[in-house]
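Working notes, structure below.
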Amino acid sequence: MNAQAVASILVVDDNPSDVELTREAFAQQRLPVSIAVAADGQAAVDYLRRVAADGALERPCFILLDINMPGINGFEVLTFVRTHPAFSTMPVLMLTTSSSPGDRARALAGGATEYLVKPRRFGDLLAMVDGMRSYLPSA
6 MNAQAVASIL VVDDNPSDVE LTREAFAQQR LPVSIAVAAD GQAAVDYLRR
56 VAADGALERP CFILLDINMP GINGFEVLTF VRTHPAFSTM PVLMLTTSSS
106 PGDRARALAG GATEYLVKPR RFGDLLAMVD GMRSYLPSA
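Residues in the sequence shown are numbered from 6 upward in steps of one, following this note's numbering.
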């Protein structure tokens, strides 16, 4: 984590462009975070298992989780998080391209803290990221 960061977050997304836009949005909003990235659901589960087992790895204060990924999808990662004692209360914000009411209902029923549809405009992403301040610890 960089010297300015006060918190760590985990971004789980298989689209490198979306990950880069998310990084840029956090930087432009001057949110003091370090961002760990898992490129798919299995990588996210593996990362979280390492965090739970190794006190030297920083525990994310929240997870930004895509739904549609190869292998383990976002719903399965959400189930892992909600059933793991170390993470069961961690905020999980689904950030996905799916605007399906069924996906939204399934995510919220599965314990997602929020369900956010990825905006098409960067300005909208900036506003969305600014709203995530409440999930960060005070500086």
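We put the CB at the ideal spot given by N, CA and C, even for glycine.
As the structure is a computational prediction, the values presented were derived from the model and not from experiment.
Query: Starting from the N-terminal side, write out each stretch of the alpha helix (DSSP H) that is 4 residues or longer and does not extend beyond the segment 50-117.; Result: 79-88, 106-114
Query: What would DSSP say about S22, mapped onto helix, strand or coil?; Result: helix
Query: For L62 and T88, I'd like the C-alpha separation in whole angstroms.; Result: 20 Å
Query: Would D71 be called buried (16 or more neighbouring beta carbons within 10 Å of its own) or exposed?; Result: buried
Query: Report the three-state DSSP secondary structure of A41 (helix, strand or coil).; Result: strand
Query: At which residues does the beta strand (DSSP E) containing V17 begin and terminate?; Result: 12-17
Query: By DSSP's criteria, E119 is part of a beta bridge. Which residues make up the other side?; Result: L98
Query: Grouping DSSP H, G and I as helix and E and B as strand, with all else coil, what is S139?; Result: helix
Query: Return the CA-CA distance between M137 and A91, expressed in angstroms with no decimal places.; Result: 21 Å
Query: Okay, do the segment 98-105 and the segment 116-132 touch, 3+ Cβ pairs below 8 Å being the bar?; Result: yes
Query: Can you look up Q47 in the DSSP assignment and give me helix, strand or coil?; Result: helix
Query: Less than 8 Å between the CB atoms is what I'm expecting for L69 and V17, so what's the real figure, rounded?; Result: 7 Å
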